[in-house]
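Heads up, the thing below is written out as structure tokens.
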Amino acid sequence: MARNEIVVHVSPDRVFDVLSDPRAYARWVVGSQAIRRADPDWPAPGSSFDHAVGVGPLRIKDHSSVLERDRPRRLRLLVMARPLSRAFVTLTLHREGSGTRVELEEIAADTRSRLLFNPLTDPLVGLRNRQSLRRLKRIAEGDERIPPGELPPRGSAEEASVTASSKPA
Numbered sequence: 001m002a003r004n005e006i007v008v009h010v011s012p013d014r015v016f017d018v019l020s021d022p023r024a025y026a027r028w029v030v031g032s033q034a035i036r037r038a039d040p041d042w043p044a045p046g047s048s049f050d051h052a053v054g055v056g057p058l059r060i061k062d063h064s065s066v067l068e069r070d071r072p073r074r075l076r077l078l079v080m081a082r083p084l085s086r087a088f089v090t091l092t093l094h095r096e097g098s099g100t101r102v103e104l105e106e107i108a109a110d111t112r113s114r115l116l117f118n119p120l121t122d123p124l125v126g127l128r129n130r131q132s133l134r135r136l137k138r139i140a141e142g143d144e145r146i147p148p149g150e151l152p153p154r155g156s157a158e159e160a161s162v163t164a165s166s167k168p169a
């Protein structure tokens, strides 16, 4: 299990607005190469978006689904990157003064993932998630913008233009 947190100098509602835009995930999640399609009602429980994750030439196409949403306090996802891993990712938002403390917890969701993500690899997952939260903070605070546009609906053959190449360095 990896757990990270960061303080963001905007309201929980503003942070949740970023979490509610599936296009944003390509910009803030380290390892996300592209968000390809999304259910129009994201982040309603049961909704999903299709993504490509990986590093360099390794690319896995799969999806993430909403398990629980309690706006503006909590978003719980099942993130799929099969055959390598499945993880439960929980983002919890706590108001702190005029800002928000964002907690990100990632837990392996199956036996294969528990073998891959274990106490030896948790520090690496933690480093990745720390950088992801820094990127989320930049977007929420307005230092980084999500390009305008819409994602195609899931089930269509069309793919999105929100890719890793449009991410900040």
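Counting from 1, one number per residue, gives the positions in the sequence shown under the UniProt record's numbering. Virtual Cβ for every residue (Gly too), placed ideally from N, Cα, C. Every value quoted in this text rests on a predicted model; they were computed, and no experiment measured them.
query	result
In whole angstroms, what separates the C-alpha of Val-102 from that of Arg-69?	15 Å
For Pro-22, count neighbouring C-beta atoms within 10 Å of its own C-beta (all shown protein chains included) and say buried if the count is 16 or more, exposed if not.	buried
Return yes when the Cβ of Asp-39 is within less than 8 Å of the Cβ of Gly-153, no when it is not.	For the sequence presented, residue 153 should be read as Pro rather than Gly. In contact: Pro-153 and Asp-39 (Cβ atoms closer than 8 Å).
Going by alpha carbons, who is nearest to Thr-90 out of Gly-56, Asn-129, Thr-121 and Ser-98?	Asn-129
What do you reckon, are the CB atoms on Gly-46 and Ser-64 nearer than 8 Å?	no
My output table needs one value for Pro-123: the three-state DSSP class, helix, strand or coil.	helix
Of the choices Arg-135, Arg-86, Asp-143 and Ile-60, whose alpha-carbon is the least far from that of Arg-27?	Arg-135
Suppose contacts are defined by Cβ-Cβ distances below 8 Å. Is Phe-49 in contact with Arg-37 by that definition?	yes
Please state the DSSP three-state secondary structure of Val-15.	helix
Quick one: using the 10 Å Cβ neighbour count with 16 as the cut-off for buried, is Leu-75 buried or exposed?	buried
Around the C-beta of Pro-57, are 16 or more other C-beta atoms found within 10 angstroms, so that it is buried, or is it exposed?	exposed
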